[in-house]
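Engineer: Each step along the sequence shown adds one to the number in numbering that gives the first Met the number 0, with nothing skipped, and position 88 is 87. Below is the structure I would like to discuss, written out as structure tokens.
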Amino acid sequence: MLAETDAPSRGYLALHQAEAACAEMALLEFGSGYALWCRILNVFLDAVLGEHDFTAPARDQAIAAQLRLASVSLAAGTSKAVLDLCMRGAYTQGYALMRPVLEAWKLMVYLATQPSAGETFFATTEDGLPRAPDRRSINRAIREHLDSEVREAYAQVQSVAEFLNDHVHPSAYGLGQTASSTPGVGVVGAHFNDRLTVSLLDVGTFGSILILQEFARTLPSRDVPWVRELGEIVRQRDEWLETRNFPPGWSP
């Protein structure tokens, strides 16, 4: 085997082989769940690569719209990276990478309600520091301007964020990834775990869908193919989670 050679990269090759074996097991067991996630990535492309009109009546609204689109683009790449980690048994790492996706959603909501804040992302203080609002300011502004359409989503995001914060640290939950079925023997690198796989599939698709739903929320018309496809994915995702003893929607 490659991992048994004396090559300088034997450590990398050994870890890679473990990941490949984990990915094979994950796809065999949860192929339909990964297929749903891949469809979400298709929707990301359709949403981002379409034509976008930034000729808003006000300059601040145009800037805010461009920043919202940039947030979707960032989330698309992050979503794919988390999917890769999920397949390769790097669950704690995948949880950690989902946190920027949730923060991107908050930024999108913030810019939708406070478009004048968009210009601060291109401004600096006299000391050369960015003027862009920090996370506390964004959370406070969102809470003050929540409408019924995003109130429930915000509560879910906060709950998921708390879950992620608890599980990205070297807790028993994360260190459990190194346990094997043989007492006293640990595992280096990837280690397939069906429960953690479903959990990260749930969290990853939840955050990705939420970003796309928020982007669609401020479109002039939601009667576009990718929005309809997203609605179908949401329905099928809930059905898939039910078959895995998860309730519809995300629940920590």
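A virtual CB, placed ideally from N, CA and C, is assigned to each residue, including glycine.
Between the alpha carbons of Ser31 and Asp165, how many angstroms are there, rounded?
Structural biologist: Looking up residue 31 in the sequence shown gives position 32. Looking up residue 165 in the sequence shown gives position 166. Rounded to whole angstroms, Ser31 to Asp165 spans 28 Å at the Cα level.
Engineer: Which residue or residues does DSSP assign as beta-bridge partners of Thr204?
Structural biologist: In the sequence shown, residue 204 corresponds to position 205, counting from 1. Paired residue(s): none; Thr204 is not in a bridge.
Engineer: Give every residue of the same chain whose Cβ lies closer than 6 Å to the Cβ of Ala74, excluding the five residues on either side of it in the sequence, and list them in chain order.
Structural biologist: Numbered from its first residue, the sequence shown carries residue 74 at position 75. If we look at Ala74 and ignore the five residues flanking it on each side, its Cβ neighbours are Val100, Ala103, Ile210.
Engineer: On the criterion of 16 or more Cβ atoms from any shown chain inside 10 Å, does Ser70 qualify as buried, or is it exposed?
Structural biologist: Your numbering for residue 70 matches position 71 in the sequence shown. Buried: at least 16 other Cβ atoms inside 10 Å.
Engineer: Could you give the uninterrupted runs of the alpha helix (DSSP H) lying entirely in the segment 81-120, keeping only those of 4 residues or more?
Structural biologist: Runs of the alpha helix (DSSP H) inside the segment 81-120: 90-112.
Engineer: Could you give the C-beta distance for Thr119 and Ala131, rounded to a whole number, given that I count them as a contact under 8 Å?
Structural biologist: Translated into positions along the sequence shown, residue 119 becomes position 120. Translated into positions along the sequence shown, residue 131 becomes position 132. With a Cβ gap of about 5 Å, Thr119 and Ala131 count as contacting.
Engineer: The alpha helix (DSSP H) spanning Asp222 covers which residue range?
Structural biologist: Residue mapping note: residue 222 aligns to position 223 of the sequence shown, counting from 1. Run containing Asp222: none; DSSP gives neither H nor E here.
Engineer: Quick check on DSSP: helix, strand or coil for Asn192?
Structural biologist: Residue numbering aside, residue 192 sits at position 193 when the sequence shown is read from its first letter. Here Asn192 sits in coil by DSSP.
Engineer: In whole angstroms, what separates the C-alpha of Gly49 from that of Val186?
Structural biologist: Taking the first residue of the sequence shown as position 1, residue 49 is located at position 50. Taking the first residue of the sequence shown as position 1, residue 186 is located at position 187. Approximately 45 Å, taken between the alpha carbons.
Engineer: Hey, would you say Tyr109 sits closer than 8 Å to Ile141, going by beta carbons?
Structural biologist: The sequence position of residue 109 within the sequence shown is 110, counting from 1. The sequence position of residue 141 within the sequence shown is 142, counting from 1. Their beta carbons are under 8 Å apart, which means Tyr109 touches Ile141 by this criterion.
Engineer: Please confirm whether Lys79 and Leu106 have their CB atoms less than 8 Å apart.
Structural biologist: Within the sequence shown, the letter at position 80 stands for residue 79. Within the sequence shown, the letter at position 107 stands for residue 106. Going by C-beta atoms, Lys79 is not nearer than 8 Å to Leu106.
Engineer: From what residue to what residue does the alpha helix (DSSP H) around Gly32 run?
Structural biologist: Taking the sequence shown and counting its residues from 1, the one referred to as residue 32 is at position 33. Run containing Gly32: 9-47, per the alpha helix (DSSP H) assignment.
Engineer: What do you get for Gly88, buried or exposed, if any count of 16 or more other CB atoms within 10 angstroms of its CB means buried?
Structural biologist: Counting from 1 along the sequence shown, the entry for residue 88 is found at position 89. Gly88 should be labelled buried.
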